[in-house]
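Here the sequence shown is numbered in the numbering used here, starting from 1 and rising by one per residue.
The C-beta atom is built at its ideal place from N, Cα and C for all residues, glycine as well.
Treat the numbers as computed from the prediction; the structure is a model and nothing was measured.
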Amino acid sequence: MGRSFANLHIKSGNLEKTMEALRELSEGHSEVLGVSNHEAQPIPIVMYLSKSNENWISVLHDYFVWGTVKKVGKRLSEIIQEPVMTAGYINEEIFELSVFESGEIKAEKIFCEEWTRDEYGLLEERLQDDYLRDELQIDEENFSRLISMTTPFQAVDQLEELLKLPLWSDSEWVPHEESLRDQFEKVEFHSKNTGTV
Numbered sequence: 001m002g003r004s005f006a007n008l009h010i011k012s013g014n015l016e017k018t019m020e021a022l023r024e025l026s027e028g029h030s031e032v033l034g035v036s037n038h039e040a041q042p043i044p045i046v047m048y049l050s051k052s053n054e055n056w057i058s059v060l061h062d063y064f065v066w067g068t069v070k071k072v073g074k075r076l077s078e079i080i081q082e083p084v085m086t087a088g089y090i091n092e093e094i095f096e097l098s099v100f101e102s103g104e105i106k107a108e109k110i111f112c113e114e115w116t117r118d119e120y121g122l123l124e125e126r127l128q129d130d131y132l133r134d135e136l137q138i139d140e141e142n143f144s145r146l147i148s149m150t151t152p153f154q155a156v157d158q159l160e161e162l163l164k165l166p167l168w169s170d171s172e173w174v175p176h177e178e179s180l181r182d183q184f185e186k187v188e189f190h191s192k193n194t195g196t197v
């Protein structure tokens, strides 16, 4: 088994608005973060935030894995009303990039070898290359080169370089990697206690 990660990125320059949306997600929609609404006590929800550049705010959380991060991205895009990009990378075999807006998937690209695509039965939920290129603000030549890639780690490297985003990041890595600790700030929210003791 190879390296895996998952993270999400909000297309916004407004950190305050992002914090409010993450607070609402944590308090009102904690089930998408793997927190039961029937806990006896409110559970602290720890996220790591990075204002990666003027266009994107990156978010890490321990429940983000390939398969769950898209659900969080979808819900968060409903709350914040800004594009939310999710990245899921699993076992060096698959890199899945999805963009949500207003609770709907707008574009998706899965980078993998053809045999992997067949083995997992992978299909993009929505292929919208023009939308993806516009949201990522990548020129035609670099975008064409990017979407033709089939090697997941090369696609991550290329996209990270083009967007200046910390794609090679996961909440589990933060305590162990100084560069991530320097880049991400720990933020704590609390789920609402709706259960009974």
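From this set, the options, which residue's C-alpha is nearest residue i's C-alpha?
{"i": "PHE111", "options": "ASP130, ILE105, ILE79, ARG145", "result": "ARG145"}
{"i": "ARG23", "options": "GLU140, VAL59, GLU93", "result": "VAL59"}
{"i": "GLU104", "options": "GLU78, GLN158, ASN142, SER191", "result": "GLU78"}
{"i": "GLU119", "options": "GLU93, GLU54, ASP157", "result": "GLU93"}
{"i": "GLU20", "options": "ILE80, PHE100, ARG181", "result": "ILE80"}
{"i": "GLU27", "options": "ILE45, HIS176, VAL99, LYS186", "result": "ILE45"}
What are the partner residues of residue i, as DSSP defines its beta bridges?
{"i": "HIS9", "result": "SER58, MET85"}
{"i": "LYS186", "result": "TYR48"}
{"i": "LYS109", "result": "LEU97"}
{"i": "GLU104", "result": "GLU101"}
{"i": "ILE90", "result": "ILE94"}
Ordered along the chain, which non-local residues of its own chain (more than five positions away) have a Cβ less than 7 angstroms from that of residue i?
{"i": "GLN128", "result": "LYS106, ALA107"}
{"i": "HIS29", "result": "ARG75"}
By Cβ distance, which residues of its chain are closer than 8 angstroms to residue i, with the 5 residues on each side in sequence left out?
{"i": "THR150", "result": "PHE111, CYS112, GLU113, GLU114"}
{"i": "LYS11", "result": "ASN55, TRP56, GLU82, PRO83, VAL84, MET85, GLU135"}
{"i": "VAL69", "result": "ALA6, ASN7, LEU8, THR86, ALA87, GLY88"}
Under 8 angstroms, do residue i and residue j count as touching if we go by C-beta distance?
{"i": "ALA87", "j": "LEU167", "result": "yes"}
{"i": "TYR48", "j": "SER171", "result": "yes"}
{"i": "LYS164", "j": "SER50", "result": "no"}
{"i": "ALA6", "j": "VAL65", "result": "yes"}
{"i": "VAL174", "j": "PHE189", "result": "no"}
{"i": "LEU97", "j": "VAL84", "result": "no"}
{"i": "SER169", "j": "ILE90", "result": "no"}
{"i": "LEU162", "j": "ASN142", "result": "yes"}
{"i": "GLY73", "j": "PHE100", "result": "yes"}
Could you name the residues of the same chain whose beta carbon sits closer than 6 angstroms to that of residue i, not counting the 5 residues immediately before and after it, in chain order?
{"i": "LYS71", "result": "VAL32"}
{"i": "GLY13", "result": "GLU54"}
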